[in-house]
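Peer 1: Chains as they are written, first to last, in my numbering: chain A, 18 to 137; chain B, 18 to 137.
We treat Cβ as the ideally placed atom computed from N, Cα and C, and that holds for glycine.
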DNA sequence: GTTATAATTGAGCAATTATTCAAATATAGT
DNA sequence: ACTATATTTGAATAATTGCTCAATTATAAC
């Protein structure tokens, strides 16, 4: 009858007060989903290599392909994903397209992650 | 004959000097894969909600399930993954298991990501 | 010991994803 | 116009992933 979510354990086990308090303090699900998408961009080794390379220098697709040792096509697919999330910018020059990082948060995220795994 | 990776474009298109320079400066693939795994932990909305909840307070599995509105089983599966990556700690008290964040980098990563999406 | 319940676990399934391949665009040089 | 080449794109495929369900483990109360 009551609209209790069946997900959880008995009422005695749940600290309802805590649950309400915490629920009220975490971001709404839409924002969380967006953040998760951003993190997902960093969660693939190929993409992470691309981002690390771009944190050193602006690069064209061919160069990225050579550095990461993955086909041009695969790189291009990944770059589109990164473009759509506004993580990288691109600049066309003749036949070639040069990519770069969009803002400093990208490098910050990578730096913090590096710190974390280094002190394991 | 030569061991050129076939991945890439013509030799004229590739800036070999740049490629070598950048290749030498990015972390080895093993480290990058590990970092990617860390980011992957943050890349699912359910897990990200768990982490955001834990950044506010230590919580038992039941409470997390109630906050995130996902089954206890699903939460437990995700917590195992987070445990294996040393992102969360747990503490047993009777029948219940309390989870908390392992170190401050976790909160830092979430904070930077939040900043990034807010200034889009 | 028996019962109740918090939490974990393994198998299975639907959905997502990273890459390859082939084809299409776009630009430069002839 | 024609050719060469840098990049993009769509479809297909194999691999991964998050959840559910059912069963199990661990602890507490009786």
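Sort out for me which residues DSSP pairs residue 77 of chain A with in a bridge.
Peer 2: To locate residue 77 of chain A, count along the first chain from 1; it is residue 60. Beta-bridge pairing links residue 77 of chain A to A/115.
Peer 1: Closest to residue 75 of chain A by CA distance: which of B/84, B/28, B/35 is it?
Peer 2: Residue 75 of chain A sits at position 58 when you count from the first residue of the first chain. Considering only alpha carbons, the answer is B/35.
Peer 1: Assign residue 95 of chain B to one of two classes, buried (16 or more other C-beta atoms within 10 Å of its C-beta) or exposed (fewer than that).
Peer 2: Residue numbering aside, residue 95 of chain B sits at position 78 when the second chain is read from its first letter. Buried is the call here.
Peer 1: With a CB to CB cut of under 7 Å and the five nearest residues on each side skipped, what residues in its chain are close to residue 107 of chain A?
Peer 2: In the first chain, the residue the question calls residue 107 of chain A occupies position 90. Hits under 7 Å: 100, 114, 115, 116.
Peer 1: Quick one, are the C-beta atoms of residue 55 of chain B and residue 134 of chain A less than 8 Å apart?
Peer 2: Taking the first residue of the second chain as 1, we reach residue 55 of chain B at position 38. Taking the first residue of the first chain as 1, we reach residue 134 of chain A at position 117. Cβ distance < 8 Å, so residue 55 of chain B and residue 134 of chain A count as in contact.
Peer 1: Looking at the structure shown, is residue 105 of chain B part of a helix, part of a strand, or coil, going by DSSP?
Peer 2: As a position in the second chain, residue 105 of chain B is number 88, starting the count at 1. Residue 105 of chain B falls in the strand class under three-state DSSP.
Peer 1: For the stretch 49–67 of chain B, which residues have a CB atom closer than 7 Å to at least one CB atom of chain A, in sequence order?
Peer 2: Residues passing the 7 Å Cβ filter: 49, 50, 51, 52, 53, 55, 56, 57, 59, 60, 61, 62, 65, 66.
Peer 1: Over what stretch of residues does the alpha helix (DSSP H) that includes residue 124 of chain B continue unbroken?
Peer 2: Taking the first residue of the second chain as position 1, residue 124 of chain B is located at position 107. That run of the alpha helix (DSSP H) goes 121–135.
Peer 1: Can you have a look at residue 83 of chain B and say buried or exposed, based on whether 16 or more other CB atoms are within 10 angstroms of its CB?
Peer 2: Translated into the one-based positions of the second chain, residue 83 of chain B becomes position 66. So residue 83 of chain B counts as buried.
Peer 1: Show which residues of chain B have a CB atom less than 8 Å away from the CB atom of residue 98 of chain A.
Peer 2: On the first chain, residue 98 of chain A is found 81 positions in, with the first residue counted as 1. Those within 8 Å of residue 98 of chain A in chain B number zero; the least Cβ separation is about 13 Å.
Peer 1: Counting only C-beta atoms, is residue 14 of chain A closer than 8 Å to chain B at any point?
Peer 2: In this structure chain A extends from 18 to 137, so residue 14 of chain A is not present and cannot be described.
Peer 1: What does residue 34 of chain B reach in chain A if we use C-beta pairs closer than 8 Å?
Peer 2: Numbered from 1 along the second chain, position 17 holds the residue referred to as residue 34 of chain B. The contacting residues do not exist; residue 34 of chain B stays about 10 Å from chain A at best.
Peer 1: Would residue 131 of chain A and residue 52 of chain B qualify as a contact pair, given that the criterion is a beta-carbon distance under 8 Å?
Peer 2: As a working mapping, residue 131 of chain A is identified with position 114 in the first chain. As a working mapping, residue 52 of chain B is identified with position 35 in the second chain. Yes, Cβ-Cβ distance for residue 131 of chain A and residue 52 of chain B is below 8 Å.
Peer 1: Could you please give the first and the last residue of the uninterrupted alpha helix (DSSP H) stretch that includes residue 30 of chain B?
Peer 2: One-based indexing of the second chain puts residue 30 of chain B at position 13. Note, residue 30 of chain B: premise wrong, no alpha helix (DSSP H); not H, not E.
Peer 1: Looking at residue 127 of chain B: is its Cβ nearer than 8 Å to the Cβ of residue 60 of chain B?
Peer 2: Here the question's residue 127 of chain B lines up with position 110 in the second chain. Here the question's residue 60 of chain B lines up with position 43 in the second chain. No. Outside cutoff.
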